[in-house]
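Engineer:
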Amino acid sequence: MRAGKPAGRWSARFGATELRRFRPIDTRALYRIRNDRSVRAHMSDRRPLSYRRHRHWVLANLVRRRTLDLYMVVRAGMPIGIGLLRNFRGPTAEFGLMFRDTERHGVTAFHSAVLILDHAFRDLRLSRLTGYIVRGNARSLHFGRGLGARTVKSDRPGHVKVEFTPPACYAAPAVARRLFRRRGGHAPAMSEVAGVTGAVPSLRGRPGRP
């Protein structure tokens, strides 16, 4: 075990949204998400992924050793997305979300982002997270800013780089602030978060193909 530490069966809930650390039993559910056409549409390699290659990647990166922290996003008992923290360097890491049928899950994506950010800052003691958004994707950029992100100089061609820090996230606009403070509490009505749930910030093709 490694990656961001601590290990174990971590999970958190926000209303009907549950975020839980990946377990080997989730291998096939993760495959269905990674291999979904709506997810592959945002990957650098859009070809279908074989289950054999997926299983090899899972064993190498999530089971035999942990090269990243991956979380399953579950709603009504159904895994519909993943969140991840990777590229840990001291108190910093890279953050991303990936959902099937993103347009249908804006509120769930927002709740998931709140849970992951709060977990990263409170439990893993990280002081800075970064994310990458394909240049021109204004909706995802708006989503990130609703969580307190700011743009910084990008080191990845074709992408906008955003940065999340505890002070900025916990002092984000009123909706985000309320969600952070009510960690694991009742989810607000969709109308309350409509202004920040236009899209999901994504690593666009990451976690990469094995």
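In the working numbering, the protein residues as written are 4 to 213. Beta carbons: idealized from backbone N, C-alpha and C, even for Gly.
Do you know whose CA, among Ser157, Ser41, Ala32, lies nearest aspartate 104's CA?
Structural biologist: Position 101 of the sequence shown holds residue 104. Comparing Cα positions, the closest option is Ser41.
Engineer: State buried or exposed for valine 155, treating a residue as buried only when at least 16 other CB atoms are found within 10 Å of its CB.
Structural biologist: Sequence index remark: in the sequence shown, residue 155 carries index 152 (1-based). Under this definition valine 155 is an exposed residue.
Engineer: Below 9 Å between beta carbons: does that hold for glycine 149 and phenylalanine 102?
Structural biologist: Residue numbering aside, residue 149 sits at position 146 when the sequence shown is read from its first letter. Residue numbering aside, residue 102 sits at position 99 when the sequence shown is read from its first letter. Result no, Cβ atoms of glycine 149 and phenylalanine 102 do not sit closer than 9 Å.
Engineer: By the DSSP assignment, the beta strand (DSSP E) with alanine 123 in it spans what residues?
Structural biologist: Locating residue 123 in the sequence shown gives position 120, counting from the first residue. Taken as a continuous stretch (DSSP letters only), alanine 123 belongs to no beta strand (DSSP E), as it is neither H nor E.
Engineer: Considering only C-alpha positions, which residue in the set Gly139, Pro169, Arg31, Glu106 is nearest to threonine 133?
Structural biologist: Along the sequence shown, read from residue 1 onward, the residue named residue 133 stands at position 130. Looking at the Cα atoms, Pro169 is the closest of the given residues.
Engineer: Any heavy atom of the ligand MG closer than 8 Å to the CB of aspartate 29?
Structural biologist: By its list of ligands, the structure shown contains no ligand whatsoever, and the ligand MG lies outside what it can speak to.
Engineer: Once the 5 residues before and after histidine 189 are set aside, which same chain residues still bring their CB inside 7 Å of it?
Structural biologist: Along the sequence shown, read from residue 1 onward, the residue named residue 189 stands at position 186. Confidence is the limiting factor: at histidine 189 the pLDDT is only 43, short of 50, which leaves the residue's position unreliable and the question unanswerable from this model.
Engineer: Give the straight-line distance between the Cα atoms of aspartate 39 and serine 115, rounded to the nearest whole angstrom.
Structural biologist: Here residue 39 refers to the residue found at position 36 of the sequence shown. Here residue 115 refers to the residue found at position 112 of the sequence shown. Using only the alpha carbons, I get a separation of about 19 Å.
Engineer: Pairing CB atoms from the stretch 86–97 with CB atoms from the stretch 121–131, are three or more of them under 8 Å?
Structural biologist: They touch, by the three-pair rule.
Engineer: In its own chain, which residues sit with a C-beta less than 8 Å from the C-beta of proline 82, not counting the 5 before and 5 after it?
Structural biologist: The residue labelled residue 82 in the question sits at position 79 within the sequence shown. Once the five neighbours on either side are set aside, the close Cβ partners of proline 82 are Asp29, Ala32, Leu33, Arg35, Ile36, Met75, Val76.
Engineer: Out of Leu22, Ala174, Arg49, Val163, state which residue places its alpha-carbon closest to the alpha-carbon of aspartate 72.
Structural biologist: Here residue 72 corresponds to residue number 69 of the sequence shown, with the count starting at 1. Looking at the Cα atoms, Leu22 is the closest of the given residues.
Engineer: Taking Cβ positions, are histidine 162 and valine 137 nearer each other than 9 Å?
Structural biologist: Within the sequence shown, residue 162 is the residue found at index 159, counting from 1. Within the sequence shown, residue 137 is the residue found at index 134, counting from 1. Against a cut-off of 9 Å, the Cβ pair of valine 137 and histidine 162 comes out as a contact.
Engineer: Taking just the CA atoms, how far does arginine 50 sit from threonine 111?
Structural biologist: By one-based count along the sequence shown, residue 111 stands at place 108. By one-based count along the sequence shown, residue 50 stands at place 47. Each residue's Cα considered, the two are about 27 Å apart.
Engineer: Across which residues does DSSP place lysine 164 in a beta bridge pair?
Structural biologist: Counted from its first residue, the sequence shown places residue 164 at position 161. The partner list for lysine 164 (beta bridge, DSSP) reads Tyr135, Val155.
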